[in-house]
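Report on the structure given below.
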Amino acid sequence: MSYVESVLADVQQRYPEQREFLQALETVLHSITPVFGDHPEYQEGGVLERLVEPERIIIFRVPWVDDAGNVQVNRGFRVQFCSALGPYKGGLRFHPTVNLSIMKFLSFEQIFKNSLTGLQLGGGKGGSDFDPKGKTDNEVMRFCQSFMTELSRYIGPQTDIPAGDIGVGAREIGYLFGQYRKMRNEFTGTLTGKRLDWGGSLVRPEATGYGAVYFAEEMLQGAGESIEGKACAVSGSGNVAQFTLQKLLDLGAKPVTLSDSGGFIYDPQGISRERLEWVMELKNEKRGRIKEYADEFGVEYYPGQRPWSVPCDAAFPCATQNELDKDDAGKLISQGCKVVAEGANMPTSTEAIRDLIAAGVLYGPGKAANAGGVATSGLEMSQNAMHLSWSFDEVDKRLREIMRNIYRATAEAADRYNAPGNFELGANIAGFRKVADAILDQGVI
Ligand SMILES: NC(=O)C1=CN([C@@H]2O[C@H](COP(=O)(O)OP(=O)(O)OC[C@H]3O[C@@H](n4cnc5c(N)ncnc54)[C@H](O)[C@@H]3O)[C@@H](O)[C@H]2O)C=CC1
Ligand SMILES: O=C(O)CCC(=O)C(=O)O
Numbered sequence: 117m118s119y120v121e122s123v124l125a126d127v128q129q130r131y132p133e134q135r136e137f138l139q140a141l142e143t144v145l146h147s148i149t150p151v152f153g154d155h156p157e158y159q160e161g162g163v164l165e166r167l168v169e170p171e172r173i174i175i176f177r178v179p180w181v182d183d184a185g186n187v188q189v190n191r192g193f194r195v196q197f198c199s200a201l202g203p204y205k206g207g208l209r210f211h212p213t214v215n216l217s218i219m220k221f222l223s224f225e226q227i228f229k230n231s232l233t234g235l236q237l238g239g240g241k242g243g244s245d246f247d248p249k250g251k252t253d254n255e256v257m258r259f260c261q262s263f264m265t266e267l268s269r270y271i272g273p274q275t276d277i278p279a280g281d282i283g284v285g286a287r288e289i290g291y292l293f294g295q296y297r298k299m300r301n302e303f304t305g306t307l308t309g310k311r312l313d314w315g316g317s318l319v320r321p322e323a324t325g326y327g328a329v330y331f332a333e334e335m336l337q338g339a340g341e342s343i344e345g346k347a348c349a350v351s352g353s354g355n356v357a358q359f360t361l362q363k364l365l366d367l368g369a370k371p372v373t374l375s376d377s378g379g380f381i382y383d384p385q386g387i388s389r390e391r392l393e394w395v396m397e398l399k400n401e402k403r404g405r406i407k408e409y410a411d412e413f414g415v416e417y418y419p420g421q422r423p424w425s426v427p428c429d430a431a432f433p434c435a436t437q438n439e440l441d442k443d444d445a446g447k448l449i450s451q452g453c454k455v456v457a458e459g460a461n462m463p464t465s466t467e468a469i470r471d472l473i474a475a476g477v478l479y480g481p482g483k484a485a486n487a488g489g490v491a492t493s494g495l496e497m498s499q500n501a502m503h504l505s506w507s508f509d510e511v512d513k514r515l516r517e518i519m520r521n522i523y524r525a526t527a528e529a530a531d532r533y534n535a536p537g538n539f540e541l542g543a544n545i546a547g548f549r550k551v552a553d554a555i556l557d558q559g560v561i
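117 is the number of the first residue of the sequence shown in my numbering; add one for each residue after it.
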């Protein structure tokens, strides 16, 4: 058994129930195996054994009172996985499916994603099994206050800087920030994704979606093509999906689908800017369901289905993990889909990734393609530390440059390890090398 296989077997034996974490771990370890031939010092220094175990996991009770006066209790999590490259950085997810396995997979992925950004950011992630769906603003506020009352002990501008993820947007970041400020009596950039007036950065709301399209465009340009004129299937209808659509429209592409956990809509003429604005109001203010789009604009709604069966040249999974499986990959390949860029974290199953790459589809893994969000959070931290704000164009220019650099580093690592065009392998290797070197440099701690 090789070194990598033995570390993996050990983790599989220790945490057999952590399905999503093991999925993420297996994919990364499989990709980075060739590196150990060139770098025996990583094995000698026990780098992998140290990297697969989080530095710290915080699990806590979150009691709160609903509008009817009943006491409710949720579970809160923060996984502080690796701080070799900088303070822990990563979002908070509020969704009923949240558990330790999901928190560990997300924070593990975050280590390599943050490394790829080239910024000084370690990897972490957190959240709760609280479901904001159907809750009033006051209930969400009381939940966030209780959550932050405990979390505030473990975070800070030089220690751990949370942000948003599924179910955590500008409203939740506001309530979390308010409670942090009160508990710690400090006004610092400890959360990112803040509103502009009180420390947020221009482009942070747009950054993940814009970045995913920039990354897709880089991959296409590397193959002598462009996103312009391409029909694009997009899943989700939240923050990442909305701004993926906006950038696709900016670049002359034709987005044709959106989805939520109920099903997807197909608008074969292309979702226009006006219709996208309607979706933004539906999702961000009215907190409605995507089915209403079909009722409003007279297009087809497919309940309980995912959008990968429609004719498309490009696919952007922007909802959640494991939303694109082997069958879906088969459908995309048979329609001639050329590029899959992941706005979501681990949306594509391991078998589907293998099939896409084998079929020559340009596949941009989330840790590279959706890194624009956390990178712009890093830019928000820089602006907070300097007590100034950059213009929209300034931040967007930096975001674009970061995405280009991630593409280059990923493509170069793939070439170097004899797998040209395999951005999965390239992203894992390029992300891992920096973290591994930092772990060795800093001694056994
Ligand atoms: N917000 C950010 O800056 C970043 C988000 N991501 C990832 O992007 C994905 C989407 O996150 P956001 O747009 O921020 O969240 P959001 O809460 O704004 O939107 C989530 C979307 O996913 C859909 N969704 C959730 N569970 C689903 C399910 N089981 N089946 C189908 N659809 C489902 C929701 O209906 C919603 O449209 C997540 O995987 C997240 O981890 C990745 C990098 C940064
Ligand atoms: O902006 C951040 O810190 C969080 C981004 C995030 O959670 C992610 O990249 O998945």
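Ideal placement from N, C-alpha and C gives every residue a C-beta, glycine not left out.
Nothing here was measured: the structure is a model prediction, and the numbers come from that model.
- Of the other Cβ atoms in all chains shown, fewer than 16 fall within 10 Å of the Cβ of Asp531; this residue is therefore exposed.
- Between Gln274 and Gln295 the beta-carbon gap is near 20 Å, outside 8 Å, which marks them as no contact.
- Of the heavy atoms belonging to ligand 2, none sits nearer than 7 Å to the Cβ of Ser231.
- Between the beta-carbon of Lys513 and that of Asp471 there is about 36 Å, and that puts the pair past the 8 Å contact cut.
- Between the beta-carbon of Thr360 and that of Gly459 there is about 5 Å, and that keeps the pair under the 8 Å contact cut.
- Between Gln451 and Tyr479, the alpha-carbon positions lie close to 16 Å from each other.
- Here Ile175 is exposed: its Cβ has fewer than 16 other Cβ atoms, across all protein chains shown, within 10 Å.
- Within the chosen limit of 7 Å, ligand 2 does not reach the beta carbon of Lys220 with any heavy atom.
- The criterion of a C-beta distance shorter than 8 Å is satisfied by Asn486 and Asn461.
- Measuring C-alpha to C-alpha distances from Met502 to each of Lys229, Gly316 and Glu133 identifies Gly316 as the nearest.
- Per DSSP, reduced to three states, the secondary structure at Ser244 is strand.
- With a cutoff of 8 Å on beta-carbon distance, Gly242 and Leu208 are scored as near each other.
- Ala546 is classed as buried because its beta carbon has at least 16 other beta carbons within 10 Å across all chains shown.
- Note that the C-beta distance between Ser353 and Ile282 is not below 8 Å.
- For Gln196, the CB stays at least 7 Å from every heavy atom of ligand 2.
- Annotation: the region 222-291 contains the following complete segments of the alpha helix (DSSP H) (minimum length 4 residues), in chain order: 253-267.
- Within the same chain, Cβ atoms closer than 7 Å to the Cβ of Met396 are found at Gln358, the five residues on either side in sequence being excluded.
- Between ligand 2 and the CB of Ser375, the shortest heavy atom gap is not smaller than 7 Å.
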